[in-house]
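Heads up: the sequence shown runs through residues -4 to 343, numbered per our numbering.
The beta carbon of each residue, even a glycine, is placed where N, CA and C say it ideally should be.
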Amino acid sequence: MLFSFLFLCASDQSIIEFEEPTADIIIGQMRSGKKFSDVIDVRPFVNSFPTAKELVEIVDNLEFPYQSCYSDILSRLNVDCNTNDPEEQRYLALHFTQCYFNITNRLDEFPYDIADKDKTPQMSSHVYSIYTVMKTHLRNLCHFAKQSMFNEETSRQLINLFKSVIDSSKTIEDMNQTMNSSFISLTNSISTISEQLKQGQHILMVIRNQTITFETSVKAMTEVLKKPLEHLANVKAFFLMVIVSFFISMFLPEILLPMLLLTAVYFFGEKSLSNYFEWWEKSYFKIGLKIVYFAVCASYPLYKVSKNFVNITSFILKFLRIKKEPVYRIPRFGVNPLPKGPLRPRAY
-4 MLFSFLFLCA SDQSIIEFEE PTADIIIGQM RSGKKFSDVI DVRPFVNSFP
46 TAKELVEIVD NLEFPYQSCY SDILSRLNVD CNTNDPEEQR YLALHFTQCY
96 FNITNRLDEF PYDIADKDKT PQMSSHVYSI YTVMKTHLRN LCHFAKQSMF
146 NEETSRQLIN LFKSVIDSSK TIEDMNQTMN SSFISLTNSI STISEQLKQG
196 QHILMVIRNQ TITFETSVKA MTEVLKKPLE HLANVKAFFL MVIVSFFISM
246 FLPEILLPML LLTAVYFFGE KSLSNYFEWW EKSYFKIGLK IVYFAVCASY
296 PLYKVSKNFV NITSFILKFL RIKKEPVYRI PRFGVNPLPK GPLRPRAY
C-alpha cells in the first residue's frame, strides 16, 4: 500500500510538473507567495533574449494579495462610487460594514441574517457608529476598492501578456529549429543533386569523347574507302581508254577510207553542180544532199562498231588476261548417266 501511494504521488507530481499552467493557476501560485519565474521556467527565454531579464524581474515583483470583500462587493453589485442616490449609498454602506465585521471576525455583532431594510434598526450603538463612519467615507472606500480591482486586473493582463510572449518565444525557437533542420536537409539535398549533376556531366563528357573517337574512326574509314573508289574510277577510265584505243586502232583504217572517198565524191559533185547550175546554192536539193552525206557518215561507223562489239570486247579481255571461271556442274545424287556405247546394228 505504501509503495502504491508513493507511485501515485510521483505520477501526480509529474503530471503537475509537465502540465502547462494557465493564467489563473499562475496568479493563484503568486497569491501564495511564489514568483512568476518559480511557476514558469523562463530560463530558455532569458537565454534567447538576455535583455528581457529586467522584464522578468518586474513580473516577479508583482503581488496578488487575496481579494478583499470590498472588491467582491463592487464586482457583485456594480455600483457607481460617485452616486448621489441615498438608497444606493445606504445599501453600499451596509455591505461595507458587514465586510468590516467579517474581516475582524466579529460578524456575530452585525445583524447579517435579516433583510437589509431591517438591519439599521437592529444595530447596536457601536455597530451603528461604524456604519456611520463607513457611510461618511463611502466614496473613498469605494475608489480604493476599485483601484485594487484595477491593479489586479492590470497585473492579470500583464501576466497573460508575458506568458504569451514566452509561449511565442518557444514557438519561435521551435520554428527556428525546424528551419535549421529544413535548411540542413535542403543543403544535403542540394549537395546530393550537385554530385549527381557532376556525375551526369562526367558521363556526358565520356559520351562526347566516345563520339569524337567514333567520328575520327568514321573519317579514317571514309578516307580508306575513298582510295579504292578513286582507284576504281581510275581503272574505269583506264578501261575506257583501252577500249577506245582498240576501237580506233582496229577500225579507223576500215572506216576512214570509205569516209574519205565519200567526202571526196560529195565535195567534187557539189562543186560541179554549183558551177553548172546557178539555182543550186539556194535549192533544197543541196540541203538534202548534205543530210544524206551526214547520215551515211554517222551510220557506217556505228554499224561497224555494233557489228564487231563482241569480238572487240573478247579481244580486250583476252589481252588483259581476264578469263571466265569454268562452271562445274554437279550431278544429282543417285543419277549417274550411262556411258554411250556403240550402237547395235538393227536386225532386218
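Local Cβ density within 10 Å of residue i, reported as buried at 16 or more and exposed below that
i, result
"S92", "According to the sequence displayed, residue 92 carries Thr and not Ser. Burial call: buried."
"F31", "buried"
"I98", "exposed"
"A215", "exposed"
"L156", "exposed"
"V51", "buried"
"I188", "exposed"
"V260", "exposed"
"L1", "Caution applies to L1, whose pLDDT of 32 falls short of 50 and renders its modelled position unreliable; the value that the coordinates give is listed next. Burial call: exposed."
"L251", "exposed"
"A140", "buried"
"V54", "buried"
DSSP state of residue i mapped onto helix, strand, coil
i, result
"M118", "coil"
"C64", "helix"
"C137", "helix"
"T78", "coil"
"A110", "coil"
"S278", "coil"
"F209", "helix"
"K29", "coil"
"P223", "helix"
"R38", "helix"
"E104", "helix"
"H90", "helix"
"T99", "coil"
"A303", "Rather than Ala, the amino acid found at residue 303 in this sequence is Asn. Coil, per DSSP."
"P253", "helix"
"E273", "helix"
CA nearest to the CA of residue i, picked from the options
i, options, result
"L89", "C137, N42, D55 and E52", "C137"
"N42", "I20, E168 and T127", "E168"
"P16", "N79, D162 and N204", "D162"
"M254", "T182, R203, A290 and K165", "A290"
"S159", "A293, S294 and I35", "I35"
Segment contact flag, the stretch 34 to 49 with the stretch 103 to 111, C-beta cutoff 8 Å, min 3 pairs: no
Sufficient close CB pairs (3 or more, under 8 Å) joining the stretch 168 to 177 to the stretch 123 to 130: no
Stretch pair the stretch 107 to 117 + the stretch 142 to 153: three plus CB contacts closer than 8 Å: no
The stretch 74 to 81 contacting the stretch 177 to 194, beta-carbon criterion three pairs below 8 Å: Contact between the stretch 74 to 81 and the stretch 177 to 194 is absent: fewer than three C-beta pairs spanning the two stretches fall below 8 Å.
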